[in-house]
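Taking it in order: structure first as structure tokens, then the write-up.
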Amino acid sequence: MFELKPGVYLVDCNSRLREWIWDMVCQNIGRGSAMMAWSTSREEFGFDIEVIGDTKRVVSSIDGIKMLSKTDYN
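Numbering-wise, my numbering comes out as the position in the sequence shown, counting from 1, plus 6.
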């Protein structure tokens, strides 16, 4: 994994490892937050995303298009 900046990692891995990493994050997140995005051929725009905790971001789908929007504008 490359740590692009503190707490931001980049890795090219298979789905099994990605799911294991996400499970570890979810089990150990406590009151923190995390977001994971990855490329996939299953989605129209070529990526999917998971969010846990209070990231101040909401993932929604509008007509099949995934959108990431801020929930707090302060």
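Just so it is clear, CB atoms sit at the ideal spot from N, CA and C, and this is done for glycine as well.
Predicted model only: the values in this text are computed from it and were never measured.
| query | result |
| --- | --- |
| Candidates Gly59, Cys19, Leu74, Thr46: which alpha carbon is nearest Gly36's? | Gly59 |
| Looking at the secondary structure, which residues open and close the alpha helix (DSSP H) in which Ile27 lies? | 21-34 |
| Skipping 5 residues on each side, what residues in its chain have a beta carbon closer than 8 Å to that of Ser1? | The requested residue 1 does not occur in the structure, where the chain is confined to residues 7 to 80. |
| Sorted by chain position, which residues of the same chain lie with C-beta nearer than 7 Å to Ala40's C-beta, five sequence neighbours on each side aside? | Val31, Ile58, Gly59 |
| Alpha carbon to alpha carbon, what distance is there between Glu50 and Glu9? | 28 Å |
| Going straight from the alpha carbon of Gly13 to that of Trp26, what length do you get? | 18 Å |
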